[in-house]
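Worksheet for the structure shown next.
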Amino acid sequence: MLLIHCPHCREDREEEEYSYSGEAHIVRPLEPEALSDQEWGDYLFFRKNPKGIHHEMWYHAVGCRRYFYATRNTLSYEILETYKVGEQPQVSAQGAAQ
Amino acid sequence: MSQINRLNTGARTDSTSRINFTYNGKQMQGVAGDTLASALLANGVNVVGRSFKYSRPRGIVGHGAEEPNAIMQIGSGAATVPNLRATQVELYEGLESASVNGWPNVNFDLMSITGWFGRMMPPGFYYKTFMYPAKLWMTYEHFIRKAAGLGSAPVQDDPDSYDKLNQHCDVLVVGAGPAGLVAAREAARAGARVIIADEQSEFGGSLLASINSIDGQAATSWVDELVAELESFSNVQTLPRSTAFGYYDHNFLGILQRRTDHLGISADSGSRQRLHRVRAKRVILATGAFERPLVFAQNDIPGVMQASSVSTYINRYGVAPGNRMILFTTNDNAYQTAIDWHRAGRAVVAVVDSRSAPSGEIVGSGTGNGYSSNSRLRSD
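Chains as they are written, first to last, in this note's numbering: chain E, 14 to 111; chain Y, 2 to 381.
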């Protein structure tokens, strides 16, 4: 079971307090009607599912009830950082590769 | 039946005490500090189970969690527990035990005649042979059920209660042998919150069966001192009879503590077993090692035992499981067993070493210790 640091509460809490909310940093297109069906489908349905470093969104469901982002290694389940919505990650797959 | 194999030299047993128990309905006696396995060996019980298909007789091989043969049904009625290893069951007054297979009993098993026809029974024999006529399946099934499976589960509701505990600590030590105990002590002296868990009834691991000395004192008294020091710390929690069964993400571990199983079914003191859900900052795995059995023809017959187990039964429990021994080894370590056997007043018939020219401190000390270079044979 994961131990996750909530950047709002500033505490390490058990995984069962949170719910997972999918990939982070997905931006809604400004003009959906200008997109092709392919591009709209990609936005709606296609996700990265990487082996390694992954940015994802978590919801502190039974705590502060706010969303935040986490950078997690999907191989080791190590959580490298958590940060608030609006901030940028310090660790990235590109950065780790270099 | 008397305790024909009992010695009065067991480091962790009190040979003057008496604990009554039954095995397959027979009254027997053990002593305080015994496991069911050591008490059975003391009473000269050789056959404790039967193999699955051919009902070959099986005896006690090991002395701990690795024991494959001595599988027992403990207790009766609602509180009965199937399929416990005799090597892990602590003896208590009035313990009822029974072997889980063998019919009509383990010493005379009618199913063992299947061994004579083994060549005529390919894999899948049961399913293919007993299919027709379909009407007779209920008749076949009665006998096949008897041949298959191990112990029987209780049919009444469980009378015991269980609880769980969420815990946090700085250092969790799994295993309380020499490495685990010293690690826990050093962490505790540094002020860390420590939990140390061990699956056995008392801390010490391999040292409980050791006749060597540490820092000039006997290994077992060194253990006693260290455990006393650990228990004097307010920041240390000691968990004997506790099996760490899972190591999950981010240093989360599950530990099952057996709190009253060793007191018998009459014990009425809170929960029987407790689940500790531990989140640790650091985890030290000091789980030790098992001896690996050697492969040779007929190595499953009763009387074949691990060398480390023979030493453990002699040194820790004060039981010499037999009279004459042939030691078969691939390394220096097992020579200690020959020395222990000789000190127990039993005969070492031969030491068989698979190496062509074994040498070493303990190998060379054979003369005067029951085995000599004459009795050392080459097996190649």
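Here a beta-carbon is modelled for each residue, glycine too, at the ideal position from N, C-alpha and C.
As the structure is a prediction and not an experimental result, all values here were calculated from the model.
Beta-carbon gap between residue i and residue j smaller than 8 Å
{"i": "A106 (chain E)", "j": "I66 (chain E)", "result": "yes"}
{"i": "A321 (chain Y)", "j": "I315 (chain Y)", "result": "yes"}
{"i": "G78 (chain Y)", "j": "G265 (chain Y)", "result": "no"}
{"i": "M70 (chain E)", "j": "G99 (chain E)", "result": "no"}
{"i": "L208 (chain Y)", "j": "A220 (chain Y)", "result": "yes"}
{"i": "L93 (chain E)", "j": "T87 (chain E)", "result": "no"}
{"i": "E97 (chain Y)", "j": "I75 (chain Y)", "result": "yes"}
{"i": "Y318 (chain Y)", "j": "D15 (chain Y)", "result": "no"}
{"i": "R278 (chain Y)", "j": "N252 (chain Y)", "result": "no"}
{"i": "T288 (chain Y)", "j": "G176 (chain Y)", "result": "yes"}
{"i": "Y31 (chain E)", "j": "Y72 (chain E)", "result": "yes"}
{"i": "F22 (chain Y)", "j": "G31 (chain Y)", "result": "yes"}
{"i": "R26 (chain E)", "j": "I17 (chain E)", "result": "yes"}
{"i": "N102 (chain Y)", "j": "G50 (chain Y)", "result": "yes"}
{"i": "I215 (chain Y)", "j": "W223 (chain Y)", "result": "yes"}
{"i": "H64 (chain Y)", "j": "S310 (chain Y)", "result": "yes"}
{"i": "Y24 (chain Y)", "j": "L8 (chain Y)", "result": "no"}
{"i": "A151 (chain Y)", "j": "P83 (chain Y)", "result": "The amino acid occupying residue 151 (chain Y) in the given sequence is Leu; Ala does not appear at that position. Their beta carbons are under 8 Å apart, which means L151 (chain Y) touches P83 (chain Y) by this criterion."}
{"i": "T81 (chain Y)", "j": "P160 (chain Y)", "result": "no"}
{"i": "V364 (chain Y)", "j": "D333 (chain Y)", "result": "yes"}
{"i": "N324 (chain Y)", "j": "R344 (chain Y)", "result": "no"}
{"i": "C206 (chain Y)", "j": "N236 (chain Y)", "result": "The question names Cys, but residue 206 (chain Y) is Gly in the sequence shown. Against a cut-off of 8 Å, the Cβ pair of N236 (chain Y) and G206 (chain Y) comes out as no contact."}
Beta-ladder partner(s) of residue i, from DSSP
{"i": "Q274 (chain Y)", "result": "Y:Y163 and Y:R259"}
{"i": "E69 (chain E)", "result": "E:E36 and E:A83"}
{"i": "G50 (chain Y)", "result": "Y:R59"}
{"i": "M306 (chain Y)", "result": "In the DSSP output, where bridge partners are listed per residue, M306 (chain Y) has none listed."}
{"i": "E24 (chain E)", "result": "E:C19"}
{"i": "G247 (chain Y)", "result": "Y:G255"}
{"i": "F22 (chain Y)", "result": "Y:M29 and Y:L96"}
{"i": "M73 (chain Y)", "result": "Y:L85 and Y:S100"}
{"i": "E100 (chain E)", "result": "Answer by DSSP bridge pairing: none, since E100 (chain E) is not bridged."}
{"i": "M326 (chain Y)", "result": "Y:V349"}
{"i": "T221 (chain Y)", "result": "Paired residue(s): none; T221 (chain Y) is not in a bridge."}
{"i": "Q238 (chain Y)", "result": "Y:I196"}
{"i": "L286 (chain Y)", "result": "Y:V175"}
{"i": "T36 (chain Y)", "result": "Y:E91"}
{"i": "C77 (chain E)", "result": "Per DSSP, none; premise fails for C77 (chain E)."}
Same chain, Cβ closer than 7 Å to residue i, neighbours up to 5 away in sequence not counted
{"i": "S272 (chain Y)", "result": "S162, Y163, D164 and R260"}
{"i": "L257 (chain Y)", "result": "S243, T244, F246, Q274 and L276"}
{"i": "P303 (chain Y)", "result": "N47, V48, P58, R59 and G60"}
{"i": "Q103 (chain E)", "result": "E94"}
{"i": "A335 (chain Y)", "result": "A308 and L328"}
{"i": "W53 (chain E)", "result": "P45"}
{"i": "E292 (chain Y)", "result": "Q307, A308 and S309"}
{"i": "N108 (chain Y)", "result": "V48"}
{"i": "N375 (chain Y)", "result": "In this prediction, N375 (chain Y) scores a pLDDT of 47, lower than 50, which makes its location untrustworthy; no coordinate-derived value is stated."}
Listed by chain order, chain Y residues near residue i by CB distance under 9 Å
{"i": "M14 (chain E)", "result": "Y249, D250, H251, F253, R278 and R280"}
{"i": "Y90 (chain E)", "result": "D250 and H251"}
Neighbourhood of residue i by C-beta distance below 8 Å, restricted to the same chain and skipping five residues each side
{"i": "Q111 (chain E)", "result": "Low per-residue confidence applies at Q111 (chain E): pLDDT is 49, beneath 50, and the placement is therefore not dependable, though the value from the model is reported in the following sentence. Excluding positions up to five away in sequence, the list is empty."}
{"i": "E68 (chain Y)", "result": "A38, I61, V62, R86, A87, T88 and Q89"}
{"i": "S3 (chain Y)", "result": "Q30 and N44"}
{"i": "C77 (chain E)", "result": "C19, H21 and C22"}
Contact set for residue i: own chain, Cβ-Cβ below 6 Å, skip 5 residues either direction
{"i": "T330 (chain Y)", "result": "D354"}
{"i": "W342 (chain Y)", "result": "M326 and V349"}
{"i": "A188 (chain Y)", "result": "V172 and V195"}
{"i": "P179 (chain Y)", "result": "L208"}
{"i": "L182 (chain Y)", "result": "L227"}
{"i": "E29 (chain E)", "result": "none"}
{"i": "E200 (chain Y)", "result": "T244"}
{"i": "R379 (chain Y)", "result": "At R379 (chain Y) the pLDDT is 45, less than 50, meaning the model places this residue with poor confidence and gives no usable figure here."}
{"i": "A33 (chain Y)", "result": "D15 and S18"}
{"i": "L286 (chain Y)", "result": "V175"}
{"i": "K54 (chain Y)", "result": "none"}
{"i": "L15 (chain E)", "result": "E28"}
Expected contact under 8 Å - CB spacing of residue i and residue j to nearest Å
{"i": "T95 (chain E)", "j": "Y80 (chain E)", "result": "With 8 Å as the limit, T95 (chain E) and Y80 (chain E) do not qualify as a contact, their Cβ atoms being about 11 Å apart."}
{"i": "S56 (chain Y)", "j": "D301 (chain Y)", "result": "No, S56 (chain Y) and D301 (chain Y) are not in contact; Cβ-Cβ is about 12 Å, not under 8 Å."}
{"i": "E230 (chain Y)", "j": "R186 (chain Y)", "result": "6 Å"}
{"i": "Y93 (chain Y)", "j": "I20 (chain Y)", "result": "7 Å"}
{"i": "D250 (chain Y)", "j": "Y90 (chain E)", "result": "5 Å"}
{"i": "F204 (chain Y)", "j": "P241 (chain Y)", "result": "6 Å"}
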